[in-house]
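Quick note: the sequence shown uses our numbering, first residue 268, plus one each step.
Glycine residues also receive a C-beta, built at the ideal position from the N, C-alpha and C atoms.
Here's the structure, in structure tokens; my notes come after.
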Amino acid sequence: MPPKPISSPTLSSPDAAAKIIKLLEALHVKLDSKPQCECNQLRQELMELKKMLGKSAEQPPPPLDTYSAVKMAINDAAAYSEKAKRAVLVGRPEESTPELTLASDQKAIEELCAELNDGSLSQALTDGKIRYHRHPEVKADRKKRILKIVFTDEKTRDQFLSLIRSKRPSTVSRVPGNFVRRDLCPYELQLERKARIDAYALNCKIGGLAYGIRDEKLIKFNGIPRPLPAGYETRPPRRYSELALLNLTNPAINTSLFLQSNGMNMTLNESNSNPSSDILSTLTPMQSKPTVNTTAKGSGTGAVDRSSSEVIVPIPSIHLSVSSDFISPSSPSLSITSKYLFSDSKHIELFYSNARSIRRKSHLLSFIKSLGYHLILLCETWHTSDDGDAFLLGSQGDYVAFRKDRITNAEISRGGGVAILCSPLLNPFLIASFSSDGIECLVIDIHFPNQSNVLSSIRICLIYRSPSCSASSLTSLLSFIDPLISNSFLICGDLNFPSIDWTRLTSPSNNDFLSFVCDHRMTQFVDFKTRGDNILDLVLCNTNIVRNVTPSLPFADHTSISFSLGVPPPPSSEFVPSRQYHLADWESINSLLSSHDWTLALSCLDTENAFTYFSEFCNSLLESFVPKSSRSPFSHYPKHLRILYGKSQRASSFAPNSIRAVSLAKRFERALRVHSERVESRVIDSKNPKAFYSLCKTRLNSSKSAPPGIIDLNGAHLLTNKDKTLAFSQYFASVSTLPLQAPLRSSAPSSTFPLFDLPSISPAQILASIASLAPKCNFSPDGLPNIFYSKCKFSIVSPLLIIFNKSLHSTSIPSLWKQAIVKPIPKTSSNSINTFRPISLTCSVTKIFEKILISEITSYLDSHNLFDFNQAGFRINRSTFTQLINGTLLSVSPSIKDLGVTMQSSLKFNDHISRIVSKARAKVNLIFKCFFSTDPDLYSRAFTTFVRPLLEYGSVVWSPHTVTLANQIENVQRNFSKRLFIRCHIPYSLYPDRIAQLSLSTLEHRRLMSDLLFLHRSIHGFYSYDHTNLFKLSPLGRNLRRSHPLRIGLPYALPKSHSSFATRIIDRWNVLPADFVNSSPIFFRSYLLSLPSISFTSDSLLRL
């Protein structure tokens, strides 16, 4: 048992009352140095307590000394900023002398940095930027002094602590009682010591390790308590005898604090079976648990499940009256562990922020989206028309984006812009948008079910008004909004009206906006300062539906706002578990498929029943050997980020502009950025191309799902899935072409060529067809995706062979092959139903069957020359380039776009080059906005994958022959490499040196290679088109040292076509070595890649 603490005196002792009164007076002095608004309630209760002791307060509390309080706050801030740079290693023993202790500490720090395997920390230690010392300096009678580690900044300290938590180095963990924490302020240290004493006493009482410390709070571990370490009861914490006021043996006290996670409602229940208990029992701090229900993944018996630990809050047993101004029902719980914070909310939750350029804050936006807000409203996005929705949405379909960007020109600089991200479950519709000098505005409608299960709507208006906005622009805005006001109308945004007193609804000067708000009887709900000492960001509504308006995590210099609408949210989308094919037991599936007697099972069945039997048998195997996904309650962000966000959110809610709130917000933003960099580095280091391309697509490409609000041909809004499905079915049926119903005429076979016949299909054809399928987990009406056929192709050849041959012999196919999953794909940003095109997802087995038939039919038609020579579709060795360079005469037009290339009547391609350069620049900007890594390999691979193809498609047709156009294209890669060197902290160098370091070639050199490869394929017959009007073979009559038999000549004079690809490369082609000219395309391409770029740029058009 633990040693008993010193017993406290009772009330019968006059000395006890005198000591308590002295302590209360000292506490009064401390409280008076704090702001008046913080402690009024507690001060009043202490005054009543002094009266109970029989000694009335002879003097009122001393008045506040504002200067002293401010000076103390400044001094404390300086001290706290220094503490923010320090970490503390607790429990490390000391040596016999100070010199040996210093040497031992230095060795321990070096070992610790080496174990963490972080280059920046090791370098900082080598450079002397990490210092350490024992605290306090004089040892006195202390057995162990803590080791304080001082860093240059808070970011490095946080990185050090994060690595300690994640890697658990043996330098710390191998010695019991050793741990690393941040340096605590005196108040936090007092809480930590008190919580440690409580944990020690409770563990000793139950005889096991069931309680611990986290963030200066007492927590209870889940699972069965572990046994106490040897000698645990004989090693009480420091000051145990002085601070242990908890009387664990007193059963008369039953005080508990309940914090409900969904509403954070605080109540206090007191029960005391002994009414005559002394006042010290009334002052006893108690342990209580918030009812936070969290679910964790299974852990072993006795394991510490920190994701669902119960937080125990020590409070005095005094009646508390908690104001709703300080604890909001919408505030997050003590730990953010659910995937969607508001997934069980009873209201529609909204988040508003003045982002002041969202370009480099995609990591913050992604985190906010992960919390599950129904609407996210953003002002000052600073977006332009070159920025796609992918930057706001990513590749997920969790939100629909509405934007109104500022139109920039030579006179109007970047800035402004508004965006709304709305959950598709709210069926949003864009009503109107407005833009004027210094003002951008968006108006949308959202729809939700009311109590009668009938859809109701709320109109939301998001506005940004710059401080320099003219009066005429404001008048135009109000005239635009006035006719749009509906029964429930919400205005939110940064209006920049600091002079309006929203409490009294007054303004020093005449204000049209204030008059507009009063005329429409709107209420302004933001009662805290959002920037400096002003309320600039507003939430106004003409109905009483706005709830829980609280400060939130800022994106920039404006405080963000989270609030809710007092209406029921839409029902969550039903979770449908999917098969996890990457976890499938393919060995067992193949074993059962191979051992099944398919000949006996399918021989007596027709085609329809045979395929039904096959699909049901395979689906039963997949149900047994392929696990299904489950809805994960956890966010994909690490736990330390969620905890840090919870702290920052609470600090912002209580005191938005305080030093602690700003500091925590910066810490969270830095930690989130470090997390994003680690994700990118992990993908790059994995050397997995699929993972890299998946990450890039997530950041750069937005989803192509249909918008939630659809407008039919009559202009009606379709809100329910049933209405949308019916409307799409009718529209697609109306625009589809019906097949010919007339029977085919039977004619006698021609004597010129034999009749086509396919008597049977061989196993080799089936295996070749399956091999051409992409092994992906696609949707299929029969439930069997491509990956199933790819993984089991040798096991299912036998049943497929029987089914395919039955289909050929009976001239019928299974009915399931005629069905498809139709997916409507929007071709434009409009939500009108006539802008959608259907994509039919048929069974994977039909694709296998079709490939076999197409191969046989194409071979038959080719062998008998039944194809038209100009036919390019569905034929091999045909290219879109051949259609562009060998076209027919078209009607005269200034410009026309054909196969992705914009052609002008003058054949200068200026418009096409300007368009692709603009698209490529926008994609480069998006890459640098969406990634945070400093690894040049990531940016180089992203450029070659997502940007360079935009500049090279069809270059055989449009490759420029002027200096201006060639440099216009090359400037894209030139500027990209320059920005890459700046981002990755690489010393500046000239453009040729930069691309050499990045293993890139000039775009001009690559266009020349494309021309040579195209000519090589054309001469060797890999491209089938008539090239007699472009070039002709003209071998020399005598052998030359630098010549070959495949020399070409031009059928026209040179001035006739300066930009023809044959004109550009005739000199280079005719001097190539004969061995490489006669080689295959693969070897010819390898030869071109092996040549230095200077071989082709002696007459380059580029300005390097």
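Cα-Cα separation, residue 656 to residue 686: C-alpha separation (whole angstroms): 10 Å.
Span separating the alpha-carbon of residue 671 from that of residue 803: Straight-line measurement puts the Cα of residue 803 at about 20 Å from the Cα of residue 671.
Rounded to a whole number of angstroms, what is the C-alpha to C-alpha distance between residue 213 and residue 613? The question about residue 213 has no answer, for the chain in this structure spans 268 to 1371.
On the DSSP letters alone, give me the boundaries of the alpha helix (DSSP H) that residue 1001 sits inside. First-last of the alpha helix (DSSP H) with residue 1001: 988-1002.
Cβ distance (whole Å) where residue 376 is taken to contact residue 416 below 8 Å: So it is a contact: roughly 7 Å between Cβ atoms.
Curious, which full-length alpha helix (DSSP H) runs of at least 4 residues does the region 1078-1128 contain? Within the region 1078-1128, no complete alpha helix (DSSP H) run reaches 4 residues.
Count the other C-beta atoms from every protein chain shown that fall within 10 angstroms of the C-beta of residue 1255, then say buried if there are 16 or more, exposed otherwise. That one is exposed.
Compare the C-alpha of residue 1228 against each of 1241, 1259, 1216 and 1275 and name the closest. Its Cα nearest to that of residue 1228, the residue 1275 stands out among 1241, 1259, 1216 and 1275.
DSSP-derived helix/strand/coil call for residue 763: Under the three-state reduction of DSSP output, residue 763 falls in the coil class, being neither helix nor strand.
So, helix, strand or coil for residue 777, using DSSP? The answer is coil: DSSP assigns residue 777 none of H, G, I, E or B.
Reducing DSSP to helix, strand and coil, say where residue 479 ends up. Strand.
Proximity winner among 1242, 1127 and 1198, relative to residue 1184 (alpha-carbon distances): Looking from the CA of residue 1184, the closest CA among 1242, 1127 and 1198 belongs to 1242.
Should the region 790-804 be called in touch with the region 699-716, which here means at least 3 C-beta pairs below 8 Å? Taking 8 Å as the limit for Cβ pairs, the verdict is that the region 699-716 does not touch the region 790-804.
Check this for me: beta carbons of residue 426 and residue 843, under 8 Å apart or not? No; because the gap between Cβ atoms is not below 8 Å, this pair is not in contact.
Rounded separation between residue 1206 and residue 669 - CA only: One C-alpha to the other measures close to 29 Å.
Proximal residues to residue 709 (C-beta, below 6 Å), its chain only, five neighbours per side dropped: Cβ neighbours of residue 709 beyond the five flanking positions: 669, 671, 685, 687, 700 and 729.
So, are the CB atoms of residue 1315 and residue 1298 less than 8 Å apart? Yes, they are a contact pair.
If we count the other Cβ atoms within 10 Å of its Cβ and call it buried at 16 or more, is residue 991 buried or exposed? So residue 991 ends up on the buried side.
So what does residue 731 bridge to, in DSSP terms? Bridge partners of residue 731: 707 and 761.
Taking the alpha helix (DSSP H) that residue 246 falls in, what are its first and last residues? Examination of residue 246 is not possible in this model, given that the chain is present from 268 through 1371 alone.
How many whole angstroms separate the CB atoms of residue 827 and residue 619, which I take to be in contact at a CB cut-off of 8 Å? Right, the Cβ-Cβ distance comes to about 6 Å (below 8 Å), so this counts as a contact.
Hey, would you say residue 1372 sits closer than 8 Å to residue 869, going by beta carbons? Because the chain here runs from 268 to 1371, residue 1372 falls outside it and cannot be looked at.
Quick check on the DSSP output: the alpha helix (DSSP H) that includes residue 1042 runs from which residue to which? Looking at the DSSP string, residue 1042 is not in any alpha helix (DSSP H), and its letter there is neither H nor E.
Using the DSSP secondary-structure output, state which residues sit across from residue 686 in a beta bridge. In DSSP, residue 686 forms a bridge with 645 and 670.
Taking Cβ positions, are residue 453 and residue 382 nearer each other than 8 Å? Going by C-beta atoms, residue 453 is not nearer than 8 Å to residue 382.
Can you tell me whether residue 402 is buried or exposed? The criterion is at least 16 other CB atoms within 10 Å of its CB, across all chains shown. The residue is exposed, with fewer than 16 neighbouring Cβ atoms inside 10 Å.
Would you call the region 850-866 in contact with the region 817-825, where contact means no fewer than 3 C-beta pairs closer than 8 Å? Touching, no.
DSSP state of residue 351 mapped onto helix, strand, coil: The answer is coil: DSSP assigns residue 351 none of H, G, I, E or B.
Neighbourhood of residue 1054 by C-beta distance below 7 Å, restricted to the same chain and skipping five residues each side: Cβ neighbours of residue 1054 beyond the five flanking positions: 848, 1042, 1043 and 1044.
Where the beta strand (DSSP E) containing residue 828 begins and where it ends: Segment 827-832, the beta strand (DSSP E) holding residue 828.
For residue 247, which three-state DSSP category applies? Outside the shown range of the chain (268 to 1371) lies residue 247, about which nothing can therefore be said.
Locate the alpha helix (DSSP H) running through residue 454, then write down its first and last residues. Annotation: the continuous alpha helix (DSSP H) that includes residue 454 extends over 453-473.
Selected residue, minimal CA-CA separation from residue 976, among 897, 1196 and 667: Taking only the C-alpha atoms, the option nearest residue 976 is 667.
6 Å CB neighbourhood of residue 762 in its chain, flanking five on each side removed: Taken in chain order, the residues that qualify are 732 and 805.
Would you say the beta carbon of residue 477 comes nearer than 7 Å to a heavy atom of the ligand GDP? Questions concerning the ligand GDP fall outside what the structure shown contains, since it holds no ligand whatsoever.
C-alpha gap between residue 1058 and residue 652, whole angstroms: Cα to Cα, residue 1058 sits roughly 45 Å from residue 652.
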